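Taken in order, these protein sequences are the chains called A and B.
With the first letter of the first sequence counted as 1, position 317 gets the number 317 in UniProt numbering; the numbers rise by one all the way through.
With the first letter of the second sequence counted as 1, position 365 gets the number 365 in UniProt numbering; the numbers rise by one all the way through.
Note that the Cβ used here is the ideal one computed from N, Cα and C, for glycine as well.
Values in this document were obtained by computation on a predicted structure and should not be read as measured data.
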Amino acid sequence: MQHSSAPAPGSTAGGPAQFEGRAQFEGRVREWFGANAPRKGSPEDFSAVHVVSARSPQEYHEQEEHAITVTRAWQRRLFDAGLAGRSWPAECGGHGAPDWQDEVVAAEQARWGVSTKMFAVALEMVPAVLFGHGTHEQRVAYLPPVLRGEHGWCQLLSEPGAGSDLASVSTRATPMDGGWSVTGQKVWTSNAGCSDYALLIARTGSREEGRAGLSCFALKMEQPGIDIRPLRQMSGAYHFNEVFLDNAFVPENGLIGGLGDGWAVLRTMLASERAAIGGGTSARSATQLVGLARQLGCSDDPGVRDLLAQAVIRERTLDLLRARIAAGHTVPAAGPTTKLLYSEHARLSADAATTILGMAVTLVDDPQSAPWIERLLFAPGLRLGGGTDEIQRNTIAERGLGLPR
Amino acid sequence: MNLAFTQEQTELRRTVRDFLDKTSPEAEVRRLMETADGYDPDVWRQLAGELGIAGLTLPEEYGGAGCGFVELGVVLEEAGRSLLCAPVLSTVVLAASTLLGLGDDAACHDYLPGIADGTTLATLALTEAAGRWDDADGITATAARDGQDQGRGWTVSGRKAFVLDGHTASLLLVVARTGAGLSVLAIDAGAPGVHRVPRATLDQTRRQADITFTAAPARLLGEEGAAWPVLERVLDLAAVAVAAEQVGGAARVLDMAVDYARTRVQFGRPIGSFQAVKHKLADLHLGVESARSAAYHGLWTAAGDLPDLPLAASLAKACCGDAYVTAATENIQVHGGIGVTWEHPAHLYLKRAHSSRQLFGHPAHHRQRLARYVLAEQAATASPA
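Pasting the structure below:
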């Protein structure tokens, strides 16, 4: 993430000096995690906290609340240790350090299996949007509470009539005294029920203006006029929500970017979402597939071995592609490319697991098959989120390869 | 592993590309395809002399440039892009790596300077009728002491097949069996008892020959019976090298397909505006970038002499071999009718893709090998139950 903002303070309170070398910083981060990260299997361990399925929206909501509570607490500890938002400017609660320091912290988190994934929108998309399009006042107001684990964010983008075609958003923001009044229906919103704010795309111009008639707002989620209804997915989870907006209020200073700049903001948002999906720590499904074959005693079968090798090839080449991008190689349409490779890997690996598991995959109460059924039922959504596979292919073809629209 | 090219490596790529744009355009490739030798000795002299390609990875004491495998990979990627007809794989990769790997100082001093300066074409004669690269037990050619040359002389008998540039190489490094196991022996291609039969190759830009040895006089290289571990490493290096070449070819055919899709008009619009075509090309892009990542990883692993070279080699060869065939196949589809004609270059790349996919092990073979390594790796790191 590129932040153009002010240089960092000399040092953080009690923390070591700025601009330490990579090895030194890594050493310090490792040491801190060694002392502070929850041990695997301990009561504080939340590496397994992710909401999978539930019998009812209430049960799901309780699980989600628990997940968000531990994530908030963990984010706060990172903040207090001076490890949150390393690359963010000081006035936004960060440290003005080089970007790679955030990567070091993220890698260490992945190593320990702890995660701030519940805060992905707040920690990755909100800063991208605010640094790209927001005002200084908005950055100073919205970003520090994110780093302190106080504010979670969600996105109010898609609508029943605006899926891949986001330019046809019809939720309307009408000017009123002191701000805007927003009315419309949003869908596919993750974490709507446990977010404090939303990045909202709404129509401020006419329908005929298309994408030029859209604007982006920061919307407070707890207020009258917002009705959240969970949607049940094929996995049994209630991860996504419908959000009904009926004269919800956004103050004047909640407009992000200029009036009618919504499409540009949206592109920034979606690019950071793609990067978060395609660039995140991959789920290591190839490694786990190899482990599954060993456990089931079928790892000598040449057909199984071919499936394992294909998964390993996909996973390692994706890691290597990310390494090339990080090393400065020119990869056309890098974001859509890694996102698409990642969703393909997820789909094909889950499918390979079904072959290896055999009949066991027909039982969700089989402990060996359960995690793979979860992946199997999660993969279809990965092919849609952040832009469908088909939209990614269009983007690669048009922006990466220069084919005509 | 930092997969960044140095400024020198980027400069090398530009130099090689400029040179090949001039010396290996399609018309030249087609001319050489029809010649008996299949390469241009003048171009080879320039590649070896002016550009220093032949001795790129050889130590300076043997007249080489002392560069690493990354530089060689850069050259091969460009060579693959232009379908260069030249004995790079045979002489520079297979033969030179074998000589270096065997650790026979005298032989290195005798042979490597000639390779570096471009006067010696050399190749490795390993495969036999079955065409298998990994089957040490299947090698039937034999070597025996012949009592001459104060008891240091040997003779080799047997039949080798699929020998790359076997028709033009003057130095043949032959893998043969003795009571002690497999050895590599150097044989002068002009020696008595050497009978070479050039084969008609699918890929006319890279030739092969069958070679029959009948008590051909030979010189044992390195230690008798100790060659196989050296050859396994040579084959891993060769797999990485050919993977780099495949990336160059795959990227070139993707460029061709994209250029054509942008300009070919049907139904009143460029065919590249149709999503069926866009999505096909986007998928090829994924394949090419994945392949390139695997190949570069192989190059860096080889350059750093890292212990996981076998795994990196199989990863690269499995990935790049298939990516090239897919790209070359779909390039023809995008071109439509013109793509299946002799006059269009698409078939030259398809033939190179299929032919090079077989070299040093098919992707299916490398996937089995990769799975073996990964399973062993996981078994070794698994916590004791």
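- Counting only runs of 4 or more residues that sit fully inside the stretch 86-130 of chain B, the alpha helix (DSSP H) segments are 96-102, 105-116, in chain order.
- Nearest CB-CB separation between residue 332(A) and chain B: below the 9 angstroms threshold.
- Within 8 angstroms of the CB of residue 273(B), the CB atoms of chain A belong to 403, 404, 405, in sequence order along the chain.
- Taking C-beta atoms as the reference points, residue 226(A) and residue 215(A) fail to come closer than 9 angstroms.
- Judged by pairs of C-beta atoms under 8 angstroms, the stretch 246-259 of chain B touches the stretch 347-364 of chain B, as three or more such pairs exist.
- Residue 269(B) has a beta carbon lying within less than 9 angstroms of a beta carbon in chain A.
- Taking a 10 Å sphere around the C-beta of residue 186(A), we find 16 or more other C-beta atoms and assign the residue as buried.
- Taking a cut-off of 8 angstroms on C-beta distances, the stretch 274-289 of chain B touches the stretch 332-345 of chain A, as three or more cross pairs fall below it.
- When secondary structure is reduced to three states using DSSP, residue 40(A) falls in the coil class, being assigned neither helix nor strand.
- Secondary structure note for residue 208(B): its beta strand (DSSP E) is the uninterrupted segment 208-221.
- Assigned with DSSP and collapsed to three states, residue 139(B) falls in coil, not helix or strand.
- When secondary structure is reduced to three states using DSSP, residue 188(A) falls in the strand class.
- By the C-beta criterion, the stretch 63-80 of chain B is judged to be in contact with the stretch 234-241 of chain B, since at least 3 inter-stretch pairs fall below 8 angstroms.
- Here DSSP, grouped into helix, strand and coil, assigns residue 98(A) to coil.
- Membership of residue 253(B) in the alpha helix (DSSP H) is indicated by the continuous run 227-263.
- Within the stretch 235-266 of chain B, the residues whose Cβ lies closer than 7 angstroms to some Cβ of chain A are 258, 261, 262, listed in chain order.
- The beta carbon of residue 138(B) sits closer than 8 angstroms to those of 128, 130, 132, all from its chain and outside the five residues before and after it, given in chain order.
- Taking the beta carbon of residue 315(B) as reference, the chain A residues within 8 angstroms of it are 312, 313, 316, 317, listed in sequence order.
- Taking residue 49(B) as the centre and dropping the five residues before and after it, the same chain places the C-beta of 117, 118 closer than 8 angstroms to its C-beta, in chain order.
- Neighbourhood of residue 282(B) in chain A, by CB distance below 7 angstroms: 393, 396, 397, in chain order.
- In this structure, the alpha-carbon of residue 147(B) lies about 8 angstroms from that of residue 154(B).
- One thing to note: residue 99(B) has its Cβ within 9 angstroms of the Cβ of residue 107(B).
- Contact between the stretch 51-68 of chain B and the stretch 387-401 of chain A is not established, with fewer than three Cβ pairs separated by less than 8 angstroms.
- Among the CB atoms of chain B, one or more fall inside 9 angstroms of the CB of residue 390(A).
- Per the Cβ contact rule, the stretch 220-238 of chain A is not in contact with the stretch 79-94 of chain A (fewer than 3 Cβ pairs under 8 angstroms).
- In the structure shown, residue 324(B) falls within a helical segment according to DSSP collapsed to helix, strand and coil.
- Residue 308(B) sits exposed, since fewer than 16 C-beta atoms from the chains shown fall within 10 Å of its C-beta.
- The stretch 300-318 of chain B makes no contact with the stretch 330-344 of chain B, as fewer than three CB pairs between them are under 8 angstroms.
- In the DSSP assignment, the residues bridged to residue 197(A) are 153(A), 220(A).
- When the five nearest sequence neighbours on each side are left out, the beta carbons in the same chain lying within less than 8 angstroms of the beta carbon of residue 271(A) are those of 128, 335, in order along the chain.
- C-alpha of residue 291(B) to C-alpha of residue 315(B): approximately 9 angstroms in a straight line.
- For residue 302(A), the nearest beta carbon of chain B is closer than 9 angstroms to its own beta carbon.
- Across the set 306(A), 296(A), 141(A), 313(A), the C-alpha of 313(A) shows the shortest separation from the C-alpha of residue 298(B).
- At least one CB atom of chain A sits nearer than 9 angstroms to the CB of residue 375(B).
- Judged by DSSP in its simplified three-state form, residue 266(B) adopts strand.
- For the stretch 249-277 of chain A, the beta-carbon criterion of a distance under 8 angstroms to any beta-carbon of chain B is satisfied by none of its residues.
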